[in-house]
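Sequences listed follow chains A and B, in order. This note's numbering applies: residue 1 is where the first sequence begins, and numbers increase by one. This note's numbering applies: residue 166 is where the second sequence begins, and numbers increase by one. Input: a single structure, listed below in structure tokens.
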Amino acid sequence: MDSITKTNKIITILLRLVALAATIPSIVVMVISNESTQIFDFTFSAQYDNLPTFTYFVVAEAIAAGYSFIVIFLSLKSSFWRVIIILDVVVTLLLTSSVSATLAVALIGKNGNTYAGWDPICGQFSKFCDYVAGAVSCGFVATIIYVLIVLYDLHILSPFFNSKP
Amino acid sequence: MCHSELIGQQMVLAIYINGHFYLVPSKIILFVFFSFNTMAQENEEKTVVGLSSSDPMPINKPDHGILLVLRLVAFFATASATIVMALNKETKTLVVATIGSTQVKVTLTAKFQHTPAFVFFVIANGMASLHNLLMIAINIFGSKTDYKGLKLAVVAILDMLNVALISGAANAAAFMAELGKNGNKHARWDKICDKFDTFCNHGGGALIASFMGLGLMLAISVISIIKLLKPKPTNHILFP
Chain A
1 MDSITKTNKI ITILLRLVAL AATIPSIVVM VISNESTQIF DFTFSAQYDN
51 LPTFTYFVVA EAIAAGYSFI VIFLSLKSSF WRVIIILDVV VTLLLTSSVS
101 ATLAVALIGK NGNTYAGWDP ICGQFSKFCD YVAGAVSCGF VATIIYVLIV
151 LYDLHILSPF FNSKP
Chain B
166 MCHSELIGQQ MVLAIYINGH FYLVPSKIIL FVFFSFNTMA QENEEKTVVG
216 LSSSDPMPIN KPDHGILLVL RLVAFFATAS ATIVMALNKE TKTLVVATIG
266 STQVKVTLTA KFQHTPAFVF FVIANGMASL HNLLMIAINI FGSKTDYKGL
316 KLAVVAILDM LNVALISGAA NAAAFMAELG KNGNKHARWD KICDKFDTFC
366 NHGGGALIAS FMGLGLMLAI SVISIIKLLK PKPTNHILFP
């Protein structure tokens with residue numbers, strides 16, 4: 001394997017720790033965001049389970065968190081790095097898709113869609129909306145960090161950037 | 166065992182090893198000599214004069230045919246997804262109420278602009294098809310232009326970014342379509358696909374094309390990254 005110095009390893013491990021620290025709060029905040037309100041003896045409740053998009057968000061972030069945790073230990077051994085960079089691209093794909101889908105559906109919950117006759121629900125469930133917004137912003141930070149991880153991996157491993165004299 | 170001669174203005178060494186004669190030009194002897202010296206001295210630097218296999222300036226042969234075919238199919242997939250979704254429109258006249266003997270009719274349209282997720286889908290697929298077109302052009306026409314291997318790095322990075330873009334757009338549109346098809350009883354959102362089924366069918370077709378393009382672009386991105394990390398060895402040493 002080419003020269004992967006100690007500073008390179010330390011920086012990658014730090015970046016992956018930050019990504020792990022960004023995915024875990026998004027999972028936690030999305031899961032604990034349930035709210036029930038009472039209107040005229042009817043109990044309305046909102047949970048993340050009610051929308052398949054939010055379930056997909058939790059699952060995708062959980063996969064990314066587990067992957068970050070495993071790769072921290074795998075990256076100490078140099079021979080895995082080429083597989084790791086390809087898996088990094090796949091996990092970045094997963095994260096961007098989950099954040100994008102959740103944002104699309106959450107915007108309908110906030111603004112409604114007059115053409116389809118869908119009413120916004122954030123007026124009644126304000127705590128639910130706030131929690132979901134927090135979880136999505138955390139997931140967005142995790143996505144950006146993963147893009148940085150992939151770019152840094154390419155910087156370490158490619159012969160163009162480590163041009164030899 | 167060794168006997169040097171002058172054959173046609175070039176020093177040639179005749180070596181007798183294990184019963185066979187080998188005629189070796191002197192330049193190769195010099196290269197082998199230098200390489201042994203440098204390898205004995207340094208462990209870290211692996212540059213060997215003339216025998217390096219990870220040259221920063223590889224000779225650009227025309228690309229492998231399979232990458233070009235993959236890019237062509239991905240371009241067609243994303244372009245068709247853009248066009249089908251951009252022309253997605255359906256108008257329907259519904260009878261809402263009957264007052265006396267006249268019927269009150271309401272004309273409803275379903276366009277792709279009504280949903281921001283579909284607008285993002287059209288724009289992102291358009292940009293990805295432009296990117297694929299650019300990569301095809303570079304593949305066919307640009308095999309001579311390079312700057313110390315920068316082309317491979319830029320191609321790999323751009324491919325990765327476009328894969329992330331397409332995945333976000335395709336997935337957002339897919340979940341929106343699922344919401345329109347099934348509705349959501351917790352949020353009291355009705356499904357709209359039973360009234361506008363042509364709209365839903367065309368949208369579904371565009372989504373399928375986009376997902377196929379996504380899978381192909383992921384394969385292309387993986388191949389580009391592998392090419393970046395392992396440049397092709399040059400083979401000009403055998404014919405100095």
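The beta-carbon is built from N, C-alpha and C at its ideal position, and this holds for glycine as well.
(message) Give the list of continuous alpha helix (DSSP H) stretches no shorter than 4 residues that lie fully inside the segment 51-102 of chain A.
(response) 52-74
(request) For chain A, find out if any of its Cβ atoms is closer than 7 angstroms to the Cβ of B:N297; answer yes or no. (result) no
(message) With a threshold of 7 angstroms on Cβ separation, who are the neighbours of B:L403 within its own chain once the five nearest residues in sequence on each side are excluded?
(response) Any reading at B:L403 must be qualified, since the residue scores a pLDDT of 46, below 50, and its modelled position is unreliable; no value is offered.
(message) Less than 7 angstroms between the C-beta atoms of A:V105 and A:T53, yes or no?
(response) yes
(request) Quick one: residues in its chain with C-beta nearer than 7 angstroms to the C-beta of A:K127, no 5 flanking neighbours on either side, listed in chain order? (result) E35
(message) Residues of chain A with CB closer than 7 angstroms to the CB of B:A302, please, in chain order.
(response) Those do not exist, as B:A302 stays about 22 angstroms from chain A at its closest Cβ, beyond 7 angstroms.
(message) So, with DSSP's three-state summary, where would you put A:A46?
(response) strand
(request) Please find out if some non-hydrogen atom of the ligand MG comes closer than 6 angstroms to the beta-carbon of B:K392. (result) Although the ligand MG was asked about, the structure shown includes no ligands whatsoever.
(request) May I ask you to report which of helix, strand or coil DSSP gives A:S36? (result) Correct three-state label for A:S36: strand.
(message) Give me, in chain order, the residues of the same chain whose beta-carbon lies closer than 8 angstroms to that of A:L74; leave out the 5 immediate sequence neighbours on both sides.
(response) F80, I84
(request) Note down, in chain order, every chain B residue with its Cβ under 9 angstroms from the Cβ of A:V147. (result) M325, L326, A329
(message) I believe B:L315 touches A:S158 by the beta-carbon criterion, under 8 angstroms. Please report the beta-carbon distance rounded to the nearest angstrom.
(response) Not quite, the Cβ-Cβ distance comes to about 10 angstroms (not below 8 angstroms), so this is no contact.
(message) Checking 7 angstroms against the spacing of the C-beta atoms, do B:L383 and B:V238 come in under that value?
(response) no
(request) Taking a Cβ distance cut-off of 9 angstroms, strictly less, list which residues of the segment 265-284 of chain B are near chain A, in chain order. (result) L273, T274, A275, K276, H279, T280, P281, A282
(message) Considering only their Cβ atoms, is the gap separating A:G112 from A:V29 smaller than 7 angstroms?
(response) no
(message) Comparing C-alpha positions only, which one of A:S33, A:D88, A:Y152, A:V71 sits nearest to A:V58?
(response) Of the candidates A:S33, A:D88, A:Y152, A:V71, the one whose C-alpha sits nearest the C-alpha of A:V58 is A:S33.
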